[in-house]
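Written out below as structure tokens is the structure these notes cover.
Numbering (our numbering), first residue to last: 315 to 452.
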């Protein structure tokens with residue numbers, strides 16, 4: 315929590331910018347079966363109660379699941395949330411669908427990550443194309 319609070323003091327209080335952070339280290343991997351990368355098993359999850367609630371938390375999930383417990387956890391803790399997916403089209407669609415079920419003022423939308431995609435190929439990146447199509451649907 316100390317590192318996050320120091321960054322928050324510099325970015326938000328001093329520089330007056332919005333702060334976003336990945337959410338994986340704030341989820342208790344011993345309580346939620348999300349894999350070793352999507353959740354923490356080293357004790358950092360307790361920081362969720364020790365950091366400012368004006369941080370936008372970006373829980374990333376790259377596998378298709380029926381539910382994504384991190385999203386309601388962050389919303390219930392008072393954070394605004396911007397879920398993020400990556401290269402798997404079905405995982406992207408599942409995360410978007412679940413995120414839409416959490417609609418409210420704390421759910422900000424969806425972040426497409428394009429790790430490793432060449433800039434000329436981004437507009438044809440299948441998760442982006444399919445995800446935007448899904449987001450256009452009512």
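Note that the Cβ used here is the ideal one computed from N, Cα and C, for glycine as well.
Buried or exposed by the 16-neighbour rule on C-beta atoms within 10 Å, applied to residue i
| i | result |
| --- | --- |
| residue 435 | exposed |
| residue 317 | exposed |
| residue 338 | buried |
| residue 440 | exposed |
Alpha-carbon spacing of residue i relative to residue j, whole angstroms
| i | j | result |
| --- | --- | --- |
| residue 326 | residue 334 | 10 Å |
| residue 419 | residue 356 | 31 Å |
| residue 350 | residue 451 | 33 Å |
| residue 391 | residue 348 | 19 Å |
| residue 322 | residue 354 | 21 Å |
| residue 336 | residue 352 | 10 Å |
Residue i, enclosing beta strand (DSSP E) - first and last residue
| i | result |
| --- | --- |
| residue 442 | That residue, residue 442, is in no beta strand (DSSP E); its alpha helix (DSSP H) goes 440–450. |
| residue 371 | 370–372 |
Residue i, enclosing alpha helix (DSSP H) - first and last residue
| i | result |
| --- | --- |
| residue 334 | Run containing residue 334: none in the alpha helix (DSSP H); it sits in the beta strand (DSSP E), 334–336. |
| residue 388 | 384–390 |
| residue 393 | Unbroken run through residue 393: none, as it is neither H nor E. |
| residue 411 | 403–415 |
Residues sharing a beta bridge with residue i, DSSP
| i | result |
| --- | --- |
| residue 318 | For residue 318, which the question treats as bridged, DSSP gives no partner whatsoever. |
| residue 398 | 374, 425 |
| residue 354 | 342 |
Does the count of Cβ pairs from the segment 390–400 and the segment 365–381 closer than 8 Å reach three?
yes
Any chance the segment 328–343 sits against the segment 357–364, with 3 or more Cβ pairs inside 8 Å?
yes
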